[in-house]
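This report concerns only the one structure given below.
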Amino acid sequence: MAAVHFHNVTLGYDRHPAVHHLNGEVAPGALVAVIGPNGAGKSTLLRGIVGILRPLDGSIHLGGLDSRDIAYLPQSADIDRSFPISVFDFVGTGLWRATGLFGGIGKAAREKILRTIASVGLNGFENRTIGTLSGGQRQRVLFARVLLQDARLIVLDEPFNAIDSKTTADLLALVKHWHSEGRTVLAALHDMEMVRTHFAETLVLARGPVAWGPTAEVLTPENLLVAMRMCEAFDDSAAACAADDARSRAA
Amino acid sequence: MVYDALIGPFTEFEFMRRALAAVIALSLAGAPIGVFLMLRRMSLVGDAMAHAILPGAAVGFLLSGLNLFAMTAGGLIAGFAVAILAGVVARSTGLKEDASLATFYLASLALGVTIVSIKGTNIDLLHVLFGNILAMDDQTLLVVAFNATVTLLVLAVIYRPLVIESVDPLFLRTVSRAGGPAHLAFLALVVINLVNGFQALGTLLAVGLMILPAGIARFWSRDLTVMICIAVVAAAVSGYAGLVLSFQTRVPSGPAIILVATVFYIVSVLFGRVGGIVRQLFPGRHLEA
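Keeping their order, the protein sequence lines are chains A and B.
The first sequence begins at 1 in the UniProt record's numbering and counts up by one.
The second sequence begins at 1 in the UniProt record's numbering and counts up by one.
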């Protein structure tokens, strides 16, 4: 059974599609890069997968996984950095699966959180509030939380944006470690060289799917050109989707 | 002399003891709610909600005169209705919650003033607008204490999702559906505490004992738990000092309490350890790391 199955899915905002008629599936244990220009629908697709955004049409099936089997790393901008929460407490939220609403965090859990923080190179940062961290440190904190979630499906939204090469290398090693453990990983990325070198499978997205398959076959100049030429297609006076009309007529 | 000024009023007069008990209950429950209002950038939402409870209280007043039970029940119903309607409209339409609330509270306030003007006198209107903590009877005090207890219990239940929703709402939505209910429960707690404050401080100042202590706490700590503790202490001390000030100078009790809190706030803005003006002007020598 596929880890993620897209069935003619359209995702968007206020009836305007940001991902349009996507079909396909992600195999369990796959390491998939989702690439495309800004506005291509990468983040929207990932939000659809983790259940934050409901499809406008079609469906996404998660091969028997429930929400607790999914770890999502949002873009850094989605986090309120002014909120006075410590690194320890923030990373500790990754234990939600075990603690839920009321579960306590005992000695073993505390040690696990401390070990996880240390494993991303943030030893000694436990009591710092997240607002005092640098961009790279913040990204390490987000990865620590994903580590703690211990999920079978890991969804990363532009995890290496605006961080230095050392941090990128450390965090990329974590992603590859998750892959080696048989977890399914999807990551929205912009660095083509990284995708070419480290990701076996790639989805080139430009609202609609441009190409999807083994990275070596998909990451061609032609496909990238098609994706780059994708026009922003937010039009208030647009007609209802013709493909949907055709499908309903066929039905 | 000092004893007569600071403690005497409370040993001598029962109404002062009741007022002190009420202000401590208000501080224990309202200040933590105020901290979350501030951190969620909802300070003015609290103020808007304070106006929204007016028509309910006014209907209670219309039906039973100056009966605080009836006015409390009416205020709770109106406040819940506006909070829930505004929350539901915001979440289902994408309209920002403050814009949604502004519409509902303005309609509610207009309705409330209309209802009070049908039957009320200027004195009644003053009571509704500014409250009177010194006129609190045992029953009203029990209502205030009950509301404060409910607030602390519910806050304990929703604390975890409320914190996560404040800092990283997308994460919470991926792991749990508790975010929506926690937010609505929080709005309900805001209403309960506004109605509580309404008894003592009136609709115009009810939010003061929630927001001002939170603002004070922000200047003294970066830790959420410490911030909540400071806010509670600041609210209780403001309440006590305001009561003494009111007793000694005959300034109305509600405004006296809020004025004292304002003085603490100004001192915090000037001398606070976290971002205070003096600290920024004279930060001392820079550190090694």
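A virtual CB, placed ideally from N, CA and C, is assigned to each residue, including glycine.
Beta-carbon proximity of residue i to residue j, cut-off 8 Å
| i | j | result |
| --- | --- | --- |
| Ala235 (chain B) | Ser43 (chain B) | no |
| Gln139 (chain A) | Leu171 (chain A) | yes |
| Ile84 (chain B) | Leu184 (chain B) | yes |
| Gly87 (chain B) | Val190 (chain B) | no |
| residue 255 (chain A) | Ala200 (chain A) | Because chain A is modelled from 1 through 251, residue 255 (chain A) falls outside the range shown and cannot be assessed. |
| Ala118 (chain A) | Pro159 (chain A) | no |
| Phe219 (chain B) | Val144 (chain B) | no |
| Tyr240 (chain B) | Val23 (chain B) | yes |
| Ile113 (chain A) | Val91 (chain A) | yes |
| residue 253 (chain A) | Phe125 (chain A) | Here chain A comprises residues numbered 1 to 251, so residue 253 (chain A) is not present and cannot be evaluated. |
| Tyr265 (chain B) | Ile216 (chain B) | yes |
| Gly79 (chain B) | Ala70 (chain B) | no |
| Leu194 (chain B) | Val207 (chain B) | yes |
| Thr184 (chain A) | Val26 (chain A) | yes |
| Val32 (chain A) | Leu203 (chain A) | yes |
| Ile85 (chain A) | Leu170 (chain B) | no |
| Ala18 (chain A) | Gly12 (chain A) | yes |
| Ile49 (chain A) | Val155 (chain A) | yes |
| Lys176 (chain A) | His190 (chain A) | no |
Assigned exposure category for residue i - 16 Cβ within 10 Å defines buried
| i | result |
| --- | --- |
| Ala251 (chain A) | Reliability fails at Ala251 (chain A), whose pLDDT of 49 lies under 50, so the model's placement of it is uncertain and no value is given. |
| Gly41 (chain A) | buried |
| Thr93 (chain A) | buried |
| Ala73 (chain B) | buried |
| Pro221 (chain A) | exposed |
| Asp69 (chain A) | buried |
| Ser176 (chain B) | buried |
| Gly135 (chain A) | exposed |
| Ile277 (chain B) | exposed |
| Thr174 (chain B) | buried |
| Tyr72 (chain A) | buried |
| Phe146 (chain B) | exposed |
| Arg47 (chain A) | buried |
| Phe13 (chain B) | exposed |
| Thr132 (chain A) | exposed |
| Pro181 (chain B) | exposed |
| Ser117 (chain B) | exposed |
| Thr44 (chain A) | buried |
| Met151 (chain B) | This sequence places Thr at residue 151 (chain B); Met is not what is there. By the neighbour-count rule (16 or more Cβ atoms within 10 Å), Thr151 (chain B) is buried. |
| Gly30 (chain B) | buried |
| Leu225 (chain A) | exposed |
| Ala50 (chain B) | buried |
Where the beta strand (DSSP E) containing residue i begins and where it ends
| i | result |
| --- | --- |
| Pro214 (chain A) | 208-214 |
| Leu73 (chain A) | 70-73 |
| Thr184 (chain A) | 184-188 |
| Val32 (chain A) | 31-35 |
DSSP beta-bridge partners of residue i
| i | result |
| --- | --- |
| Phe6 (chain A) | A:Gly24, A:Ile60 |
| Thr129 (chain A) | A:Ser86 |
| Pro161 (chain B) | The partner list for Pro161 (chain B) (beta bridge, DSSP) is empty, contrary to what the question assumes. |
| Pro17 (chain A) | A:Gly12 |
| Leu203 (chain A) | A:Val34, A:Trp212 |
Element boundaries [alpha helix (DSSP H), containing residue i]
| i | result |
| --- | --- |
| Leu153 (chain A) | Element bounds for Leu153 (chain A): not the alpha helix (DSSP H) but the beta strand (DSSP E), 153-157. |
| Glu288 (chain B) | Careful: Glu288 (chain B) lies outside any alpha helix (DSSP H) and carries neither H nor E. |
| Gly60 (chain B) | 54-64 |
| Lys166 (chain A) | 165-180 |
| Ser253 (chain B) | 253-271 |
| Val120 (chain A) | Looking at the DSSP string, Val120 (chain A) is not in any alpha helix (DSSP H), and its letter there is neither H nor E. |
| Pro221 (chain A) | 221-228 |
| Gly197 (chain B) | 179-205 |
| Thr225 (chain B) | 224-249 |
| Leu45 (chain A) | 42-49 |
| Arg41 (chain B) | Premise fails: Arg41 (chain B) is in no alpha helix (DSSP H) and is neither H nor E. |
| Met194 (chain A) | 192-198 |
| Leu212 (chain B) | 208-218 |
| Gly8 (chain B) | 8-12 |
| Gly135 (chain A) | 135-149 |
| Thr93 (chain A) | First-last for Thr93 (chain A): undefined, no H or E at that position. |
| Ile277 (chain B) | 277-281 |
Any chance the segment 47-59 of chain B sits against the segment 107-117 of chain B, with 3 or more Cβ pairs inside 8 Å?
yes
State whether the segment 61-68 of chain A contacts the segment 77-92 of chain A, with contact taken as three or more CB pairs (one from each stretch) at a distance under 8 Å.
no
With contact counted as at least three CB pairs below 8 Å, one residue from each stretch, are the segment 92-104 of chain B and the segment 150-164 of chain B in contact?
no
Tell me whether the segment 197-206 of chain B and the segment 244-264 of chain B touch, counting them as touching only if at least three CB pairs, one residue from each stretch, are closer than 8 Å.
yes
Cβ contact (3+ pairs, closer than 8 Å) linking the segment 27-47 of chain A and the segment 203-218 of chain A:
yes
Take every Cβ of the segment 134-141 of chain B, pair it with every Cβ of the segment 98-108 of chain B, and state whether three or more of those distances are shorter than 8 Å.
no
Under 8 Å: do the segment 95-102 of chain A and the segment 49-57 of chain A share three or more Cβ pairs, one atom per stretch?
no
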